[in-house]
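*Asks:* The structure follows.
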Amino acid sequence: MTEDFIPFEAKNDTFIQWLRQNDIQTHPAVKIVDLRHQARGRGIIATQSIPIDTELFSIPRSALLTPAALPAPIIASATSDDEPLDPWTGLLLALIHEQTHPNSRWQPYLDLLPTESDFDTPMFWSPAELAELQSSAVRSKIGREDAEDMFKTRILPVIRTHASAFGLSHLLEDQLAEEVIRRAHVAASTIMAYAFDVEPTGQRTVDEEGYVSDESDAELPKAMVPLADLLNADADRNNAKLFYEADGTLVMRAVKDIAAGEEVFNDYGALSRGELLRRYGYVTERYAQYDVVEIPVECFLASARTLCRVPEQGLREKLERIYGEDEIPDGVVMANEDLELFTVEKMYELFELFPIFQLESMLEGPNTQAGNTGPQDQELDTLLARHDGPARDIRLLFVFVLRALDSALSSYGTTYEQDAQKLEQLQQRNQPDQQTRRIAMAIAVRMGEKKLLKQVVKKLHNMWQEAAQIGAQSVQELLDSSKRQRKRRKQESS
């Protein structure tokens with residue numbers, strides 16, 4: 021049901037009664053509040069000061085929605101000797117099953133979960149909205165086709181066998197398949213955004229060397245955790261964390277002092293805004309510090325092709341022989357935190373990821389196999405906007421990486437400045453509709469990636485100037501000099 025049928029506060033009141041009925045204990049100073057005016061649905065605030073280490077609420081295992089909620093015949097149908105019921109599939113079936121029944125034990129909790137129209141994750145975007153992500157790696161990670169393949173092979177056969185238990189026995193086969201996939205998308209998105217990995221209960225056997233010998237390395241069970249999933253997340257203002265007690269109880273505890281009126285925040289960890297959008301359907305500047313950008317391998321291939329004068333397909337075939345056809349790196353991921361650590365050594369590591377791009381082969385001049393020549397000195401100098409400087413192999417190293425970065429930047433189709441202007445226009449709209457919100461989020465994600473690429477390019481040019489001042493005659497000499505400088509700076513700062 022939606023808020024149109026049951027008022028927001030009425031749902032809250034029913035849910036609070038349900039919490040009491042299921043032995044979920046809450047601190048008297050925590051309160052569920054309406055944050056829709058901030059486009060954040062519900063949240064939890066402190067009505068009075070709460071000191072660190074205070075138990076905010078506790079949840080018994082019996083209140084969790086897990087695969088154990090499924091009737092035994094459904095579990096049996098979903099399990100085989102070759103393919104046991106994994107945590108993801110199990111919870112997916114359990115959530116779909118419980119949402120089918122208005123008299124579900126978890127109904128007051130389920131009424132708080134988002135409906136299909138509430139989701140803003142890219143899984144539910146139109147092709148035009150997805151296009152706004154441009155060349156961001158987020159697009160390739162949505163995985164709609166893979167998800168639907170999984171639904172068809174793991175979820176649909178089980179629900180088809182037990183159609184009446186899922187309230188779908190009245191549908192024809194084609195209609196059934198379509199409805200199952202629709203429900204599975206909603207349930208899967210709900211699990212990705214709200215579920216917790218829950219530590220298993222029971223004793224663990226520890227061997228004489230101190231290693232846990234049970235299934236501790238296996239995938240953790242997943243569960244929907246009522247109340248805990250109402251907490252919003254904030255990387256900087258995180259003040260609460262979920263703990264697992266020895267008796268199996270889940271306890272949300274304050275990890276900082278919480279002031280009266282302050283919101284209680286969980287933390288998703290160091291997620292980029294792109295990943296935040298993919299999993300949870302929103303972006304915030306507070307997670308900009310964790311932004312990453314993936315420079316596709318194609319950008320490095322294109323850069324090497326221009327330097328080696330070898331067809332790009334020929335380079336890819338060589339790379340396949342070295343790595344194996346399915347093991348070629350997708351690309352290189354650069355994070356905000358990497359900027360401070362981006363040294364000459366790190367740049368050379370980028371080069372070494374692709375062993376076919378040997379400096380020696382690029383410097384040979386005529387390429388006997390391709391019948392072409394490598395880049396001339398004047399061309400390298402022009403690319404670096406400089407007509408003097410370090411030895412040619414050093415120049416080639418910088419050009420290789422810079423060209424790959426330029427290729428990545430140009431693949432987006434718009435500049436950072438154009439994006440900033442468009443985003444400002446969208447943000448000035450009063451009461452933006454869903455499409456406007458989605459486009460604005462896509463622009464924010466791609467701007468974060470472009471900003472990072474531009475910062476790396478700037479850092480490379482600064483490193484080039486330093487290389488020119490050093491007067492190194494080889495890459496190895498440059499690497500040695502860089503190490504000495506870093507060691508000296510470290511000693512001076514200590």
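First residue of the sequence shown: 21, per the numbering used here; consecutive thereafter.
Beta carbons: idealized from backbone N, C-alpha and C, even for Gly.
Quantities reported herein were computed from a predicted structural model and do not represent experimental measurements.
1. Would Q447 be called buried (16 or more neighbouring beta carbons within 10 Å of its own) or exposed?
2. Excluding the 5 residues flanking R298 on each side, which residues of the same chain have their C-beta closer than 7 Å to its C-beta?
3. What are the boundary residues of the alpha helix (DSSP H) that includes F28?
4. Would P80 and I44 be called neighbours here (beta carbons separated by less than 9 Å)?
5. Going by DSSP in three states, Y264 sits in which element: helix, strand or coil?
6. Between the stretch 96 to 105 and the stretch 299 to 306, do at least 3 Cβ pairs fall closer than 8 Å?
7. So, using beta-carbon positions, are A167 and A204 closer together than 9 Å?
8. Going by other Cβ atoms of all chains shown within 10 Å of its Cβ, with 16 needed for buried, is T86 buried or exposed?
9. For the stretch 423 to 434 and the stretch 304 to 324, state whether three or more C-beta atom pairs, one from each stretch, are separated by less than 8 Å.
10. By a C-beta neighbour count over all protein chains shown, 10 Å radius and 16 as the cutoff for buried, is D102 buried or exposed?
11. Looking at the strands, I want to know which residues DSSP matches up with D54.
12. Thinking A2 and L90 are a contact (beta carbons under 8 Å), I'd like their distance in whole angstroms, please.
13. What residue from R508, I65, F216 and E512 has the CA that sits closest to G281's CA?
14. Quick check on the burial criterion: 16 or more other C-beta atoms within 10 angstroms. Buried or exposed for G468?
15. If you count every other CB in all the chains shown that lies within 10 Å of the CB of V495, and 16 or more means buried, which is it?
16. Is it a yes or a no for the stretch 492 to 510 touching the stretch 455 to 475, going by three-plus beta-carbon pairs under 8 Å?
17. Does DSSP classify D217 as helix, strand or coil?
18. Using a threshold of 9 Å, state whether the C-beta atoms of R180 and V206 are closer than that.
19. Measure the C-alpha to C-alpha separation of L112 and A208 and round it to an integer number of angstroms.
20. So for S501, helix, strand or coil by DSSP?
21. So, with DSSP's three-state summary, where would you put F362?
22. Based on Cα-Cα distance, which residue from L480, S124, L132 and P122 lies nearest to K366?
23. Using DSSP with H/G/I as helix, E/B as strand and the rest coil, what is P93?
24. What would DSSP say about N286, mapped onto helix, strand or coil?
25. What first and last residue would you give for the alpha helix (DSSP H) that runs through P316?
26. Pick out whichever of A49, K31 and N32 has its Cα sitting closest to the Cα of I278.
27. Only counting the same chain, and skipping five residues up and downstream in sequence, which positions put a Cβ closer than 7 Å to that of K534?
28. In terms of residues, what are the limits of the alpha helix (DSSP H) holding K298?
29. Assuming M354 is part of the beta strand (DSSP E), what are its boundary residues?
30. Please go through the same chain and pick out, in chain order, the residues whose beta-carbon is closer than 8 Å to the beta-carbon of Q37, but skip the five residues on each side of it.
31. Where N259 and E283 are concerned, what is the direct C-alpha to C-alpha distance, given to the nearest angstrom?
32. Can you tell me where the beta strand (DSSP E) holding I79 begins and where it ends?
33. Would you say E314 faces chain C, with C-beta separation under 9 Å as the test?
34. Taking the alpha helix (DSSP H) that L188 falls in, what are its first and last residues?
35. Would you tell me roughly how many angstroms separate the C-alpha atoms of L291 and L192, rounded to the nearest one?
36. Hey, how far is the Cα of L335 from the Cα of C319?
*Replies:* The relevant details are as follows:
1. Indexing the sequence shown from 1 puts residue 447 at position 427. Q447 is exposed by the Cβ-count criterion.
2. Along the sequence shown, read from residue 1 onward, the residue named residue 298 stands at position 278. Cβ within range, chain order: T141, P142, V158, K161 and I162.
3. For the purposes of this step, residue 28 is taken as the residue at position 8 of the sequence shown. Note, F28: alpha helix (DSSP H), F28 to Q41.
4. One-based indexing of the sequence shown puts residue 80 at position 60. One-based indexing of the sequence shown puts residue 44 at position 24. Yes, Cβ-Cβ distance for P80 and I44 is below 9 Å.
5. The sequence position of residue 264 within the sequence shown is 244, counting from 1. Of the three classes helix, strand and coil, the one that applies to Y264 here is strand, per DSSP.
6. no
7. The residue labelled residue 167 in the question sits at position 147 within the sequence shown. The residue labelled residue 204 in the question sits at position 184 within the sequence shown. Cβ atoms of A167 and A204: closer than 9 Å.
8. In the sequence shown, counting from the first residue as 1, residue 86 sits at position 66. T86 comes out buried.
9. yes
10. As a working mapping, residue 102 is identified with position 82 in the sequence shown. Exposed, since its Cβ has fewer than 16 Cβ neighbours within 10 Å.
11. Position 34 of the sequence shown, counted from the first residue, corresponds to residue 54. The partner list for D54 (beta bridge, DSSP) reads R62.
12. The first residue shown for the chain is 21 and the last is 514, placing residue 2 beyond what the model contains.
13. Position 261 of the sequence shown, counted from the first residue, corresponds to residue 281. Ranking R508, I65, F216 and E512 by Cα distance to G281 puts I65 first.
14. Mapped onto the sequence shown, residue 468 falls at position 448. G468 should be labelled buried.
15. Locating residue 495 in the sequence shown gives position 475, counting from the first residue. Under this definition V495 is a buried residue.
16. no
17. Here residue 217 refers to the residue found at position 197 of the sequence shown. Correct three-state label for D217: strand.
18. Reading the sequence shown from its first residue, position 160 is the one you call residue 180. Reading the sequence shown from its first residue, position 186 is the one you call residue 206. No, they are not a contact pair.
19. Working through the sequence shown from its first residue, we reach residue 112 at position 92. Working through the sequence shown from its first residue, we reach residue 208 at position 188. For L112 and A208, the distance between alpha carbons rounds to 6 Å.
20. Counted from its first residue, the sequence shown places residue 501 at position 481. Of the three classes helix, strand and coil, the one that applies to S501 here is helix, per DSSP.
21. Stepping through the sequence shown from its first residue, residue 362 is reached at position 342. Residue state, collapsed to three classes: coil.
22. Locating residue 366 in the sequence shown gives position 346, where the first residue counts as 1. When only C-alpha atoms are compared, the closest one is L480.
23. What you label residue 93 is simply residue 73 of the sequence shown in a count that begins at 1. P93 falls in the helix class under three-state DSSP.
24. Stepping through the sequence shown from its first residue, residue 286 is reached at position 266. Strand.
25. For the purposes of this step, residue 316 is identified with residue 296 of the sequence shown, where counting begins at 1. Per DSSP, P316 belongs to no alpha helix (DSSP H); it is in the beta strand (DSSP E), V312 to P316.
26. Stepping through the sequence shown from its first residue, residue 278 is reached at position 258. Closest option to I278, Cα to Cα, is A49.
27. Absent from the model: residue 534. The displayed extent of the chain is 21 to 514, so no value can be given.
28. Here residue 298 corresponds to residue number 278 of the sequence shown, with the count starting at 1. In the sequence under discussion, the amino acid at residue 298 is Arg, which differs from the Lys named in the question. Segment R293 to Y300, the alpha helix (DSSP H) holding R298.
29. Looking up residue 354 in the sequence shown gives position 334. G351 to A355 is the extent of the beta strand (DSSP E) around M354.
30. Translated into positions along the sequence shown, residue 37 becomes position 17. If we look at Q37 and ignore the five residues flanking it on each side, its Cβ neighbours are P128.
31. If you number the sequence shown from 1, residue 259 lands on position 239. If you number the sequence shown from 1, residue 283 lands on position 263. For N259 and E283, the distance between alpha carbons rounds to 9 Å.
32. Start at 1 with the first residue of the sequence shown, and residue 79 comes out as number 59. First-last of the beta strand (DSSP E) with I79: E75 to I79.
33. The structure shown has no chain C; it contains just one protein chain.
34. Indexing the sequence shown from 1 puts residue 188 at position 168. Element bounds for L188: n/a, residue is neither H nor E.
35. Here residue 291 refers to the residue found at position 271 when the sequence shown is read from its first residue. Here residue 192 refers to the residue found at position 172 when the sequence shown is read from its first residue. Roughly 42 Å separates the two Cα atoms.
36. As a working mapping, residue 335 is identified with position 315 in the sequence shown. As a working mapping, residue 319 is identified with position 299 in the sequence shown. Computed Cα separation, rounded: 12 Å.
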